[in-house]
Amino acid sequence: MKKAFEYFIERAIFISGAATIIFVVLIFIFLLKEGLALFASESIRSFLFGRNWYPISDPPQFGILPLILGSLWVTVGAVVIAVPLGLAAAIYVAEVAPSWLRGILKFAIELLAAIPSIVLGFIGVVFMSPVLKYIFNLPSGLTALAGSIMLAFMALPTIVSIIEDALVAVPKSYKEGSLALGATRWQTIYRVMLPAAASGILAAVMLGIGRVIGETMAVLMVTGNAAILPASILQPVRTLTATIAAEMGEAVAGSSHYYSLFAIGIILFIISFIINLTADMLLHRK
Amino acid sequence: MVQAVKSLNLEVKSNEILGIIGPSSSGKTSFLKTLNRLNELYPNSRTEGSALLDGENIFRLDVQQLRRRVGIVFALPLPLPLSIFDNVAYGPRLHGSKNLIEIVERSLRAAAIWDEVKDRLHTNAFKLSGGQQQRLCIARTLAVEPEVILYDEPCSGLDPISTLKVEEAMQELKKNYTQILVTNNVKQAARVSDRTAFFLMGELIETGDTKDIFTRPTDKRTDDYVTGRFG
Amino acid sequence: MRNTQRTEKIAFLFMALATLIIIVPVGLILFIVLWHGLPGLSLEFILAMPREGMRAGGIFPAIVGTLLLTLGCALFSIPLGILAAIYLNEYSQKNWLTRLIELAIINLAGVPSIVYGLFGLGLFVTFLNFGASILAGSLTLSIMTLPVIITATREALNSVPRAFREVSFSLGASRWQTVRKVVLPNAIPGILTGTILGLSRAAGETAPILFTVAAFYLPRLPESAFDQAMALPYHIYVLSTQVPNVSPKIQYGTVLVLVGLVFIMNIIAATIRARFRKRKTW
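Residue numbers (the numbering used here), protein chains in the order written: chain U, 94 to 379; chain V, 800 to 1030; chain L, 22 to 303.
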């Protein structure tokens, strides 16, 4: 009797392991199922490179270039803000801060990580965009910059904690060797520890990018939702993710608009796959 | 893949204590762990040949049954994070035994530790001293009623008094068990074992009565090792 | 000599500044949410049904909806996640299948939440015909939470010393017996911590529930798993972008409730982790 139960539970264990693969495949299949239907009436070229996203006009146009650029602007902006800040903060927490402060800082960063993205989006709408509107004298504060700032905050906990782990993992002997030769702590950090932690830092950046590209709600709320080719970061934009969220409610099931949103999903799936794969390889190269 | 142990033939007599000596990395522990097929826990391990327990090839037996019949005491005291009672009862419980209280007392007595723990059977095993923990591990092994007990350098972390207590327990156990003791401490082997085998770099060099191995060994290398010219 | 020390002081100053730039807004955000949200929080707000198209009354159905979705997510993702982690850590060999499973987990962890929403729409709502329902929403959330649970469980399993397993095997235990009697019991606190943290993230997610379950104004409680439901994150989204003239008290109140829920779960998880570290006997 016991043997039978054990046999079944071990089967269940194996199936659970394999189930993860099945889920990934399922996701991809269902995205493809609806997304590829778009290309019956639309060419891949005009989808990927078309400059007009007018899905509800007649005839509809499904060029996602403005969306890709929107995602790109917002992502680049977020990375430009988050990486230097995150790197500096991670070094501070790992190497410079006194130990009593370290616990408080790590706690605060964990707090930031715990805040749901919808709340950050809400704060962004209510606070960040009026502030930007005032500072830059814009018609509206709902811009790519607002999105970048909010996304930077969302990505920061990830970036900080991974870089911190990478720094802590640097063998103590490197640090001690450098200090023993008379280098200051700062010199030790940028000449010895940062290069040693390089692949971890790169992985942190990639995971931060992944986090940012995949964010939907906050971006939807603060970037202004104009699916146009942005000329500057102070203009409203639309990202790939926000488009799906904003328009799926109105797309008729089975219409080419509906399919086009799934097609965007395919693009997002592929992008995130590449980014996360690369980050994982970087983290496990050691 | 590294070959840890080269071909060998070794006989173990019932109710004896067989000491296995040799410098580190001579394959003693690898060899020992094949005797209860514990080496199979490590991926990529390969064993060739046969080992007979009462005439049966251990590689054909059900491995769980084999490990009940051939128990092992490890080099570091390794209590499970349970009470003293539950540590000893762990094995019997696995196999469905019912009279646990009796089994636990019997095993703790046989390991010469009953008097020291009988009043605190339900305290956590980690609260015992190193030597007591090791004797607890012996009791734990005895609780499944093995026929053979393997020891992998059991006293390496212990002080001399605890070591003495473990060695005394081993002598007592001779009446009912066959024991194989791997040790880095040549003098311990001389004290405790009836016969001794000498391993060097994965090879079994020679086996014989302990008296002979230590006073007039056949192989010069054995002589060099037991007299301390190398090791 | 003095120059390098001055450089160091400047560098450290900048780094402290950067850290401040990150930390201060966190405190600010929490302060703002509390300041504006607390006045709106009353027993009535939490327990009453919404009225007047969400401009008055309470958010009870949204709270219930979020709790039900979180529960549903737990129901599906926890057993599956724990078993999958046990497979990877205790049973699998180092072969291509294992590597593939690990890659799949990484992939699942990185998929954008809106893509999960699309997937849920395609598979659960449409193909399996569950419709927009608590069932569809829970299933979608659970696949999204699966990698988090697997990773946390693996860490917890890994923290159990290898020696314990070897001891158990040497006494004649089978692999499952060893897992059940030695590994799992000592990994439970870590598993609990990681699971609760994962569920707290699921509770705060909006995108996966957009098309799979969420309704904005349902002034009644859901009656079955096939019903739609309100949910706190979706509620915040609509309140702040699509309903004109909503009193900020209601907006901030809802935000505070969600943040409070998520923080309570985080605190519970952290408490379990701290308690366990103290009690650990090895």
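Note that the Cβ used here is the ideal one computed from N, Cα and C, for glycine as well.
Would you report the Cα separation of Val-345(U) and Tyr-351(U), rounded to the nearest angstrom?
-> Stepping through the first sequence from its first residue, residue 345(U) is reached at position 252. Stepping through the first sequence from its first residue, residue 351(U) is reached at position 258. Spanning the two alpha carbons is a distance of roughly 6 Å.
Run of the alpha helix (DSSP H) containing Ile-216(U), from where it starts to where it stops | By one-based count along the first sequence, residue 216(U) stands at place 123. Counting along the chain, the alpha helix (DSSP H) containing Ile-216(U) begins and ends at 210-216.
Three-way DSSP call (helix, strand, coil) for Tyr-147(U) in this model = Position 54 of the first sequence, counted from the first residue, corresponds to residue 147(U). In the structure shown, Tyr-147(U) sits in a strand (DSSP, three-state: E or B).
Could you list which residues in chain L have their beta carbon closer than 8 Å to that of Tyr-185(U), in chain order?
-> As a working note, residue 185(U) is residue 92 in the first sequence. Those are Phe-33, Met-36, Ala-37, Ala-39 and Thr-40, listed as they occur along chain L.
With a CB to CB cut of under 8 Å and the five nearest residues on each side skipped, what residues in its chain are close to Phe-925(V)?
-> Position 126 of the second sequence, counted from the start, is the residue given in the question as residue 925(V). So the list reads Pro-878, Pro-880 and Gln-932, once near-sequence residues are dropped.
Listed from N- to C-terminal order along the chain, which residues in the region 218-240 of chain U have their beta-carbon within a distance smaller than 8 Å of any beta-carbon of chain L?
-> Val-218, Val-219 and Phe-220
By how many angstroms is the C-alpha of Ala-324(U) removed from the C-alpha of Asn-287(L)?
-> Position 266 of the third sequence, counting from 1, holds the residue named residue 287(L). Position 231 of the first sequence, counting from 1, holds the residue named residue 324(U). One C-alpha to the other measures close to 42 Å.
Select from the region 159-193 of chain L all residues with a C-beta closer than 7 Å to any C-beta belonging to chain B, and list them in chain order.
-> This model lacks chain B altogether, as its protein chains are U, V and L.
State the DSSP-derived secondary structure class of Gln-154(U), mapped to helix, strand or coil.
-> The residue labelled residue 154(U) in the question sits at position 61 within the first sequence. Strand, per DSSP.
For Phe-1033(V), three-class secondary structure by DSSP | Here chain V covers residues 800 to 1030 and nothing more, so residue 1033(V) does not appear.
Let me know the secondary structure DSSP gives Asn-856(V) once reduced to three states.
-> By 1-based counting over the second sequence, the position of residue 856(V) is 57. Residue state, collapsed to three classes: strand.
Closest to Ile-107(L) by CA distance: which of Arg-175(L), Pro-265(L), Leu-59(L) and His-57(L) is it?
-> As a working mapping, residue 107(L) is identified with position 86 in the third sequence. Of the candidates Arg-175(L), Pro-265(L), Leu-59(L) and His-57(L), the one whose C-alpha sits nearest the C-alpha of Ile-107(L) is Arg-175(L).
Under 8 Å between beta-carbons, which chain L residues line up against Ile-871(V)? List them in chain order, please.
-> If you number the second sequence from 1, residue 871(V) lands on position 72. Here the neighbours are Ser-191.
CB of Trp-166(U) within 7 Å of CB of Val-330(U), strictly | Counting from one through the first sequence, the residue named residue 166(U) turns up at place 73. Counting from one through the first sequence, the residue named residue 330(U) turns up at place 237. In contact: Trp-166(U) and Val-330(U) (Cβ atoms closer than 7 Å).
So which of Thr-1026(V), Thr-940(V), Ala-911(V) and Leu-893(V) has the shortest CA-CA distance to Trp-197(L)?
-> One-based indexing of the third sequence puts residue 197(L) at position 176. If we check each option's Cα against that of Trp-197(L), Leu-893(V) comes out closest.
Does the Cβ of Ile-230(L) have 16 or more other Cβ atoms within 10 Å, making it buried, or fewer, making it exposed?
-> Indexing the third sequence from 1 puts residue 230(L) at position 209. When all chains shown are included, Ile-230(L) counts as buried.
Is the beta carbon of Val-862(V) sitting closer than 7 Å to the one on Leu-192(L)?
-> Taking the first residue of the second sequence as 1, we reach residue 862(V) at position 63. Taking the first residue of the third sequence as 1, we reach residue 192(L) at position 171. Not closer than 7 Å, so no.
Does the beta carbon of Thr-87(L) sit closer than 7 Å to a beta carbon anywhere in chain U?
-> Walking along the third sequence from the start, residue 87(L) turns up at place 66. Taking Cβ atoms only, chain U never reaches closer than 7 Å to Thr-87(L), which makes this a no.
Taking a cut of 7 Å between CB atoms, which residues from the region 237-251 of chain L lie near chain V?
-> none
Cross-chain neighbours of Tyr-798(V) in chain L, by beta carbon under 9 Å = Residue numbering for chain V in the displayed model covers 800 to 1030; residue 798(V) lies beyond these limits and cannot be assessed.
Using 7 Å as the limit for Cβ to Cβ distance, is Thr-292(L) near chain V?
-> As a working mapping, residue 292(L) is identified with position 271 in the third sequence. Output row for Thr-292(L): interface = no.
List the endpoints of the continuous beta strand (DSSP E) containing Leu-817(V).
-> Here residue 817(V) is taken as the residue at index 18 of the second sequence, counted from 1. Residues 816-820.
Of the residues Val-234(L), Leu-142(L), Pro-168(L) and Tyr-255(L), which one's Cα is nearest the Cα of Met-310(U)?
-> On the first sequence, position 217 is the one that residue 310(U) refers to. Taking only the C-alpha atoms, the option nearest Met-310(U) is Tyr-255(L).
Segment contact flag, the region 286-304 of chain U with the region 243-260 of chain U, C-beta cutoff 8 Å, min 3 pairs | yes
Coarse secondary structure for Ser-245(L), derived from DSSP in three states = Locating residue 245(L) in the third sequence gives position 224, counting from the first residue. Coil, per DSSP.
For the beta strand (DSSP E) holding Leu-1003(V), just list the boundary residues, first then last.
-> Within the second sequence, residue 1003(V) is the residue found at index 204, counting from 1. 1002-1008 is the extent of the beta strand (DSSP E) around Leu-1003(V).
Starting from Leu-851(V), follow its DSSP beta bridges and name the residues at the other end.
-> Counting from one through the second sequence, the residue named residue 851(V) turns up at place 52. The partner list for Leu-851(V) (beta bridge, DSSP) reads Asn-856(V).
Along chain V, in chain order, which residues have C-beta atoms closer than 7 Å to that of Lys-115(L)?
-> Taking the third sequence and counting its residues from 1, one reaches residue 115(L) at position 94. What Lys-115(L) touches in chain V: Pro-842.
Can you find a C-beta in chain U that's less than 7 Å from the C-beta of Ile-289(L)?
-> Here the question's residue 289(L) lines up with position 268 in the third sequence. Judged by the 7 Å Cβ criterion, Ile-289(L) is not in contact with chain U.
Ordered list of beta strand (DSSP E) runs contained in the region 123-148 of chain L, each at least 3 residues | none
Bridge partners of Tyr-950(V), per DSSP?
-> Position 151 of the second sequence holds residue 950(V). DSSP output for Tyr-950(V) lists Val-872(V) and Leu-980(V) as bridge partner(s).
Could you name the residues of chain U that Val-283(L) contacts, counting a contact when the two beta carbons are closer than 7 Å?
-> Counting from one through the third sequence, the residue named residue 283(L) turns up at place 262. Within 7 Å Cβ-Cβ: Ala-207 and Pro-209.
Residues, ordered as in the chain, of the region 908-937 of chain V that lie near chain L by beta-carbon distance below 7 Å = Asn-923 and Phe-925
Segment contact flag, the region 823-835 of chain V with the region 859-876 of chain V, C-beta cutoff 8 Å, min 3 pairs = yes
Mind listing the chain V neighbours of Thr-302(L)? Cutoff is C-beta to C-beta under 8 Å, in chain order.
-> Here residue 302(L) is taken as the residue at index 281 of the third sequence, counted from 1. Those are Pro-880, Asn-923 and Phe-925, listed as they occur along chain V.
Could you tell me whether the Cβ atoms of Ala-39(L) and Leu-178(U) are closer together than 7 Å?
-> Translated into positions along the third sequence, residue 39(L) becomes position 18. Translated into positions along the first sequence, residue 178(U) becomes position 85. Cβ atoms of Ala-39(L) and Leu-178(U): closer than 7 Å.
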